[in-house]
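If you read the sequence shown in my numbering, its first letter stands for residue 1, the second for the next number, and so on.
Data first, discussion second: the structure below is written as structure tokens.
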Amino acid sequence: MLSREAIQACISRVPGPDGKTLLDQTAAASAIVIAADGKVFVTLTVPAADAAPWEKVRLAVETALRGLGGAGAASVTLTAERAPSAAPPVSFKPDGAKQPAQPIKAGIPKLAGLAQVRHVIAVASGKGGVGKSTTACNLALGLRALGLKVGVLDADIYGPSMPKLFALKGQPEIVTGRTLRPLEAYGCKVMSIGFVVDADKGMAWRGPMVASAITQMLRDVAWGQLDVLVVDMPPGTGDAQLTMAQQTPLAGAVIVSTPQDLALIDARRGVAMFQDVGVPILGLVENMSFFICDGCGKRHDIFAHGGARAEAAKLGVAFLGEIPLDIEIRERSDAGLPVVVTAPDSPPAQTYRQIARTVWSGLEKRTAG
Ligand code: ADP
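What follows is the structure in structure tokens.
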């Protein structure tokens, strides 16, 4: 396996954007991660103002690393520095400690695969298990039902669930070079790390690897023309999520929460994280909001109710809707038969479709404004 020093030496010999000055004489800083399987992940931190010309440097570093004997595969990502004039905002880490975050949207080089994508939106949650992926899938299908061209990127690489939710198996084909063709189901284009790694094998992803893998899926997938690309984020508000929110040209974020107080604390962190990096919050969704007993028809608020609506009002963001705890949602999701397409008139499906309408009008308004 290659040493960090050998990788650093290789990077430093690559010319910078002027084609002459070698990287070790430029201001670019690099972070190197060597995965257990020998794959090399490099992040180049470059000045925000001229991030675009660094794209060819990124490719050159990738080529140089591949030429080194012993490097299994190399992936290089650019991240841009915050403009010096911008005041550092504050983000909330899971341990409650405040950390500076960097809004670097202005410096994001346009990712090739996204050239024809109108809006990229994130579906996020402060923690796992609240129904984020189920919501992302049905929201995407609700947008599709509006006649829009929709893609879904399963960035929840700790627990990719889109292959199951969309009943998709198989591997994406290579279109050209390293560009992959997304799979398709129910009229949506879908890409998931679950198509390329065995979802049953535990994967020990580290923060920078998560960010690199996601950027690669955004960049190297032939998404084609889309109105909306829905990104199912990894749960939580750690470094990987923050990097992803910084590096992706997100038009907005939808935050999913269950109604209890504890879940809402995490949801609040999610809202704060996106706001810190300048991503608008499209709204909060309350999942598992209530339960209608199919025996007695009575409504039960199993995890309490209304917390997300109240939280949204407190935070000054939109409230998008309440999705019931519903056995049909669970059963159909597990079978790869999402309710929005297979039970479109059911109350939960109608709620998802209403949420999709609100999200779409929010996106269009922002574009118009
Ligand atoms: P996350 O992405 O937040 O980890 P998932 O979307 O994978 O959560 O959902 C976790 C589990 O809860 C899944 O089995 C899913 O089918 C189920 N689930 C999600 N939302 C609902 C709901 N509204 N009613 C019933 N089951 C749900």
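Ideal placement from N, C-alpha and C gives every residue a C-beta, glycine not left out.
Query: With 16 other Cβ atoms within 10 Å as the buried cut-off, status of threonine 63; Result: exposed
Query: Residue from Ala253, Leu242, Met191 with nearest C-alpha to tryptophan 223; Result: Met191
Query: Serine 75 versus phenylalanine 303 - alpha carbon distance; Result: 43 Å
Query: Continuous beta strand (DSSP E) stretch holding aspartate 326: start and end; Result: Counting along the chain, aspartate 326 falls outside any beta strand (DSSP E), and DSSP gives it neither H nor E.
Query: Methionine 288 Cβ short of 7 Å to ligand 1 heavy atom set; Result: yes
Query: Neighbourhood of glycine 252 by C-beta distance below 6 Å, restricted to the same chain and skipping five residues each side; Result: Ile121, Pro280, Leu282
Query: Bridge-paired residues (DSSP) for cysteine 188; Result: Val150, Ala185
Query: Among Leu148, Lys132, Gly170, Gly142, the one whose alpha carbon lies nearest that of aspartate 154; Result: Lys132
Query: Endpoints, the alpha helix (DSSP H) within which leucine 141 is located; Result: 132 to 145
Query: Residues bridged to glycine 374 (per DSSP); Result: The requested residue 374 does not occur in the structure, where the chain is confined to residues 1 to 369.
Query: DSSP beta-bridge partners of histidine 300; Result: Phe291
Query: Residues bridged to aspartate 232 [DSSP beta-bridge criterion]; Result: Val123, Asp154
Query: Isoleucine 265 CB to nearest heavy atom of ligand 1 below 7 Å; Result: no
Query: Valine 277 - DSSP class collapsed to helix/strand/coil; Result: coil
Query: Sequence-distant residues of the same chain with beta carbon closer than 6 Å to arginine 309, five excluded per side; Result: Phe319
Query: Isoleucine 323 versus Ser333, Leu363, Pro347, Leu315, residue with shortest Cα-Cα distance; Result: Pro347
Query: Valine 150 Cβ short of 7 Å to ligand 2 heavy atom set; Result: Absence of ligand 2 is noted for the structure shown, with ligand 1 being the only ligands found.
Query: Under 8 Å between C-beta atoms of isoleucine 11 and valine 46; Result: no
Query: Where the alpha helix (DSSP H) containing leucine 59 begins and where it ends; Result: 54 to 67
Query: Beta-carbon gap between leucine 68 and alanine 6 smaller than 8 Å; Result: yes
Query: Spatial distance of valine 371 from alanine 124 (CA atoms); Result: This structure cannot speak to residue 371, because the chain is shown only from 1 to 369.
Query: Three-state class that DSSP yields for serine 12 in the structure shown; Result: helix
Query: Separation of threonine 21 from glycine 128, as counted between CA atoms; Result: 46 Å
Query: Beta-carbon separation (whole angstroms), glutamine 225 vs glutamine 116, contact threshold 8 Å; Result: 4 Å
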